[in-house]
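Engineer:
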Amino acid sequence: MSQKVELVDVNNDGWVDIVFANSSGTDTGGGQNAQPNQLLINNGGTGFTEQGGVFEDPDNAYVIKAGDLDNDGDADLVVGDNYQGQSYVLLNEGAGDFTRQDIAAGASKSIGDLELGDVDGDGDLDIVATDWGNSQPFGDPVDEGLPLLLWLGNGDGTFEDGSANLPMGMEAWAAYSFDIELVDLDNNYVLDVLVSSRGLGFGFGLQNDGSGNFSKLTVPALEGSGKQVNVAFTPNDFDGDGAIDIITLQDGVGGAGNSVLINNGIGNYPSDPGTFWPNAYNPDRLDFDAATLDFNNDGRPDFVVTGLGLGPNDKNSRLFLNNNGMEVKPPPEPLDAAFPAVSGLGQSFGLQFADFNHDRRADVAIAQRDAALPNFVLFGRDDPADSVPVDTVAPRIYEDGFADKLGTLLHFGQSVTLKARVDDFKTPSHWHDYKYDENLGDYNLIGDGATLTAHGRRLPCVEFALGLDNPDDLLALSDGDPMKFIAPSIWYGEALWRVGFTVPYAGKKEDTLTWQYCAIDAADNKTCVGPFTVKLEVDPADCGDGQVQAWETCDDDSPTCVLCERTCGNASCDANETLENCPEDCEEAICGNGTCDLPSEDDENCPEDCGPCDYDNACEPPEDAKRCPSECDYDGFCGDGFCDAPYESGLTCTGDCPPEPTGEWACGDGVCDQDETKMSCPEDCAVCGDDECSGPVEDAAECPQDCAMCGDGECSPGEGESCEMDCVNDSATTGTGIDISPGCGCRGTGPDGAVPVAAGLLFLRRRRRRRA
Numbered sequence: 000m001s002q003k004v005e006l007v008d009v010n011n012d013g014w015v016d017i018v019f020a021n022s023s024g025t026d027t028g029g030g031q032n033a034q035p036n037q038l039l040i041n042n043g044g045t046g047f048t049e050q051g052g053v054f055e056d057p058d059n060a061y062v063i064k065a066g067d068l069d070n071d072g073d074a075d076l077v078v079g080d081n082y083q084g085q086s087y088v089l090l091n092e093g094a095g096d097f098t099r100q101d102i103a104a105g106a107s108k109s110i111g112d113l114e115l116g117d118v119d120g121d122g123d124l125d126i127v128a129t130d131w132g133n134s135q136p137f138g139d140p141v142d143e144g145l146p147l148l149l150w151l152g153n154g155d156g157t158f159e160d161g162s163a164n165l166p167m168g169m170e171a172w173a174a175y176s177f178d179i180e181l182v183d184l185d186n187n188y189v190l191d192v193l194v195s196s197r198g199l200g201f202g203f204g205l206q207n208d209g210s211g212n213f214s215k216l217t218v219p220a221l222e223g224s225g226k227q228v229n230v231a232f233t234p235n236d237f238d239g240d241g242a243i244d245i246i247t248l249q250d251g252v253g254g255a256g257n258s259v260l261i262n263n264g265i266g267n268y269p270s271d272p273g274t275f276w277p278n279a280y281n282p283d284r285l286d287f288d289a290a291t292l293d294f295n296n297d298g299r300p301d302f303v304v305t306g307l308g309l310g311p312n313d314k315n316s317r318l319f320l321n322n323n324g325m326e327v328k329p330p331p332e333p334l335d336a337a338f339p340a341v342s343g344l345g346q347s348f349g350l351q352f353a354d355f356n357h358d359r360r361a362d363v364a365i366a367q368r369d370a371a372l373p374n375f376v377l378f379g380r381d382d383p384a385d386s387v388p389v390d391t392v393a394p395r396i397y398e399d400g401f402a403d404k405l406g407t408l409l410h411f412g413q414s415v416t417l418k419a420r421v422d423d424f425k426t427p428s429h430w431h432d433y434k435y436d437e438n439l440g441d442y443n444l445i446g447d448g449a450t451l452t453a454h455g456r457r458l459p460c461v462e463f464a465l466g467l468d469n470p471d472d473l474l475a476l477s478d479g480d481p482m483k484f485i486a487p488s489i490w491y492g493e494a495l496w497r498v499g500f501t502v503p504y505a506g507k508k509e510d511t512l513t514w515q516y517c518a519i520d521a522a523d524n525k526t527c528v529g530p531f532t533v534k535l536e537v538d539p540a541d542c543g544d545g546q547v548q549a550w551e552t553c554d555d556d557s558p559t560c561v562l563c564e565r566t567c568g569n570a571s572c573d574a575n576e577t578l579e580n581c582p583e584d585c586e587e588a589i590c591g592n593g594t595c596d597l598p599s600e601d602d603e604n605c606p607e608d609c610g611p612c613d614y615d616n617a618c619e620p621p622e623d624a625k626r627c628p629s630e631c632d633y634d635g636f637c638g639d640g641f642c643d644a645p646y647e648s649g650l651t652c653t654g655d656c657p658p659e660p661t662g663e664w665a666c667g668d669g670v671c672d673q674d675e676t677k678m679s680c681p682e683d684c685a686v687c688g689d690d691e692c693s694g695p696v697e698d699a700a701e702c703p704q705d706c707a708m709c710g711d712g713e714c715s716p717g718e719g720e721s722c723e724m725d726c727v728n729d730s731a732t733t734g735t736g737i738d739i740s741p742g743c744g745c746r747g748t749g750p751d752g753a754v755p756v757a758a759g760l761l762f763l764r765r766r767r768r769r770r771a
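Residue numbers (numbering that gives the first Met the number 0): 0 to 771.
1. The alpha helix (DSSP H) with leucine 474 in it runs from where to where?
2. Across which residues does DSSP place tyrosine 516 in a beta bridge pair?
3. Suppose contacts are defined by Cβ-Cβ distances below 8 Å. Is glycine 144 in contact with aspartate 69 by that definition?
4. Report the CB separation of isoleucine 246 from asparagine 257 in whole angstroms; it is logged as a contact under 8 Å.
5. Is the beta carbon of asparagine 153 sitting closer than 8 Å to the one on glycine 211?
6. By alpha-carbon positions, which one of Trp276, Arg359 and Asn315 ends up nearest to alanine 340?
7. Taking 8 Å as the cut-off, decide whether the C-beta atoms of alanine 364 and valine 4 are in contact.
8. Measuring CB atoms only, is the region 349-356 touching the region 0-17, in the sense that at least three cross pairs come out at less than 8 Å?
9. What does the alpha-carbon distance come out to for the pair leucine 221 and glycine 46?
10. Serine 176 and threonine 129 - do their beta-carbons sit closer together than 8 Å?
11. Just grab the DSSP bridge partners of arginine 299 for me.
12. Does DSSP put glycine 343 in a helix, in a strand, or in coil?
13. What did DSSP end up calling glutamine 31 once you bin it into helix, strand or coil?
14. Between leucine 467 and the rest of its own chain, which residues show a CB-CB distance below 7 Å, the 5 nearest in sequence each way excluded?
15. Quick one: using the 10 Å Cβ neighbour count with 16 as the cut-off for buried, is arginine 380 buried or exposed?
16. If I measure Cβ to Cβ from glutamate 697 and keep anything under 7 Å in the same chain, skipping five residues before and after, which residues do I get?
17. Could you name the residues of the same chain whose beta carbon sits closer than 8 Å to that of proline 582, not counting the 5 residues immediately before and after it, in chain order?
18. Please confirm if the region 437-450 is in contact with the region 478-490, defined as three or more CB-CB distances below 8 Å between the two stretches.
19. Can you tell me the Cα-Cα spacing of methionine 169 and glycine 200, whole angstroms?
20. With DSSP collapsed to three states, give me the class of tryptophan 490.
21. Tryptophan 430 by DSSP, collapsed to three states: which one?
22. Determine the contact status of threonine 233 and threonine 526, defining contact as a CB-CB distance below 8 Å.
23. Check each candidate in Glu682, Val498 and Asp112 and name the one with the smallest Cα separation from glycine 667.
24. With distances taken between CB atoms, is the gap from leucine 320 to phenylalanine 294 smaller than 8 Å?
25. To the nearest angstrom, how far is the alpha carbon of leucine 149 from that of aspartate 160?
26. Got a sec? Which residues, its chain only, sit under 6 Å from proline 35 by beta carbon, not counting five neighbours each side?
27. Who pairs with proline 234 in a beta bridge, going by DSSP?
28. Kindly give me the distance between the Cβ atoms of arginine 456 and lysine 434, rounded to whole angstroms, as I take these residues to be in contact under 8 Å.
29. Using the Cβ count rule (16 or more neighbours within 10 Å means buried), how would you classify aspartate 37?
30. Expressed to the nearest angstrom, what Euclidean distance is found between the alpha-carbon atoms of serine 571 and aspartate 471?
31. Report yes if the CB atom of glycine 412 is closer than 8 Å to the CB atom of glutamine 548, and no otherwise.
32. Determine the burial state of aspartate 390: buried for a count of at least 16 other Cβ atoms within 10 Å of its Cβ, exposed for fewer.
33. So glutamine 100 is in the alpha helix (DSSP H); what residue range does that whole segment cover?
34. Quick check on serine 477: buried or exposed, where buried means 16 or more other Cβ atoms within 10 Å of its Cβ?
35. For glutamine 351, does the three-state DSSP call read helix, strand or coil?
36. Can you tell me the Cα-Cα spacing of phenylalanine 378 and glycine 273, whole angstroms?
Shown next as structure tokens:
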């Protein structure tokens with residue numbers, strides 16, 4: 000006898016599995032009603048096989064819910080046990096193995112229903128549950144009921160008592176509660192609570208202050224006369240205004256009609272006017288559950304309601320279509336019967352939709368509250384005359400204010416959080432509503448959800464890239480492009496998703512982040528909101544926080560850390576550096592010591608030592624022949640007797656380059672100009688002593704050093720005793736006035752007062768202009 004059904008891809012293979020919570024108790028029960036629960040594994044869309052060893056002992060489970068309780072990326076199970084039983088968690092270890100952990104061990108509770116969600120905003124799933132107490136039979140006038148239970152998750156599958164966060168006196172508000180829902184009633188992306196009541200009291204709401212502290216919320220439509228009794232709630236946005244509306248079932252004592260309560264935007268739910276679900280299509284029934292889906296692909300949630308049949312062939316499971324968000328009504332007969340109207344399906348107590356066989360059509364799992372009847376999976380038919388349509392509509396992202404969710408300016412290294420409401424028009428909302436992506440591990444995943452992907456689902460996510468010139472360029476990037484970042488969302492209750500990531504740094508201190516928020520359903524229909532562009536900058540406040548960010552080279556109070564940039568090591572001994580705090584730059588580099596110590600010193604940071612052209616007759620870096628010809632000419636320096644053009648001139652070195660005697664550049668002006676050579680102009684460029692006899696301006700008499708030849712029959716100056724064949728070995732002098740005696744060496748001055756050879760050579764050398 001199944002009380003509720005839950006769907007979950009428990010083994011992460013891309014196929015949706017089924018869990019049934021079983022107990023034969025109703026308004027009374029105990030150990031004699033305990034039954035084993037069931038986990039049924041999907042065999043690739045062809046059938047289901049029960050997995051043993053998961054639920055080892057029978058119990059009185061009234062509800063089993065799936066969620067990631069230990070933050071490892073796969074689905075765990077929470078079992079709510081009734082009739083003073085022990086509720087527990089089954090942590091999914093993979094490969095079909097589970098570890099049991101009791102919740103509030105030793106505390107006997109009667110759990111009628113529970114929901115998972117992060118109510119205190121700490122990133123861990125919590126549990127809110129109804130407790131029937133021990134006053135059996137439940138729902139009678141003597142049933143006092145018990146308050147709700149709040150267990151706050153620690154992120155490892157363990158929980159702490161959070162009852163101090165709940166208001167007092169709740170046992171008088173509701174008793175014998177079959178359903179509890181965590182819903183954002185007032186659109187602040189915080190989970191509030193709705194509680195049904197089938198016994199004394201009335202259904203009610205609790206408003207969350209954002210940190211998990213709750214206060215009573217007045218819900219006139221639930222507390223008014225005639226609607227104090229209700230069995231179940233199904234939340235969804237039926238009129239498309241972005242606020243969560245509610246289907247309520249059995250609104251009245253002894254079973255009554257159902258309602259759709261339209262949210263007024265602040266969660267108060269005025270009394271139902273009965274116009275959204277007209278009474279003509281809404282007779283009194285014993286309905287116990289409703290689930291939503293977009294049956295006809297028009298972008299609005301439709302729903303199927305089911306319950307106990309009133310006769311052998313009663314239409315106890317009925318389809319209602321949402322017409323323009325203003326009214327729901329069934330399709331024409333016989334299509335109004337969502338499931339076959341047969342006695343074998345007459346005790347339906349719970350249902351959930353999923354695509355079990357990957358044909359993109361909605362299938363459904365049905366739990367029956369009758370031990371004589373089996374549970375069922377019904378596959379959506381592919382029949383032109385009577386079919387379940389293929390899903391062709393993308394998920395729904397609530398776009399109101401979405402462009403402002405990341406603002407217009409972010410800083411590198413900033414932690415960003417974005418919250419969104421996204422559904423595939425289904426209630427409840429599950430991981431498996433979204434695409435199973437075998438390539439998920441190959442993408443550039445980032446953020447809090449990047450490592451929580453064992454489920455393999457492409458959950459709603461932020462897609463972004465840095466440095467795009469055109470925001471639309473983001474649309475062209477493939478999922479595997481290394482430029483594209485994908486930040487997966489984390490489900491935290493209802494249809495709410497949270498994305499958290501740190502803004503990456505790509506090497507530029509000013510950049511842009513182009514982003515969009517996207518969802519892809521299990522039928523591979525994709526939708527996105529955006530793209531939007533945000534400016535990125537370095538946060539000045541980061542400098543001085545003691546943490547070296549990617550865009551900083553230091554973050555301390557040392558003299559060599561200036562505005563979070565390390566100056567030591569830049570090959571310059573800066574003013575804030577010394578030999579002691581930066582020997583790398585300043586070792587033996589002291590400006591003013593007369594030495595240009597490269598690379599620490601140069602002509603900009605120490606012109607005293609490094610010039611250029613400090614006229615110390617030494618060619619030192621960074622001086623060179625082009626920057627400082629006075630010290631770095633080819634033969635040495637200015638004053639070496641050579642006029643080295645083009646680096647020396649009459650302006651930069653008058654000693655080597657005297658003024659031109661004619662003021663013109665011409666052969667015969669006595670100056671060897673840049674365009675003249677000894678061959679083209681020997682008159683100006685022939686120099687005695689260059690080992691070349693440049694005639695006709697040089698001969699043995701004029702320049703014996705270059706032109707005298709031993710054996711020419713003439714005793715020329717400079718030959719002497721080294722050439723006895725030309726020079727007679729006596730002490731006489733020749734007509735040239737040169738002493739040619741063997742001991743003389745021709746060093747005398749002739750009687751005609753001729754200038755000695757050495758002096759003439761020096762004079763000619765100083766008049767020479769060297770070629771470039």
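Glycine included, each C-beta is placed from N, C-alpha and C at the ideal position. Just so you know, these numbers come straight off a predicted model, no measurement behind them.
Structural biologist: Looking at the atomic coordinates:
1. 472-475
2. Val461 and Val528
3. no
4. 7 Å
5. no
6. Asn315
7. yes
8. yes
9. 41 Å
10. yes
11. According to DSSP, arginine 299 bridges with nothing at all.
12. helix
13. helix
14. Leu473, Thr511 and Thr513
15. exposed
16. Ala685, Cys687, Asp705 and Cys706
17. none
18. yes
19. 9 Å
20. strand
21. helix
22. no
23. Glu682
24. yes
25. 6 Å
26. Phe54 and Pro57
27. Ile245
28. 7 Å
29. The sequence shown places glutamine at residue 37, rather than the aspartate named in the question. By the neighbour-count rule (16 or more Cβ atoms within 10 Å), glutamine 37 is buried.
30. 45 Å
31. yes
32. buried
33. Looking at the DSSP string, glutamine 100 is not in any alpha helix (DSSP H); the run it does join, the beta strand (DSSP E), is 96-101.
34. exposed
35. strand
36. 33 Å
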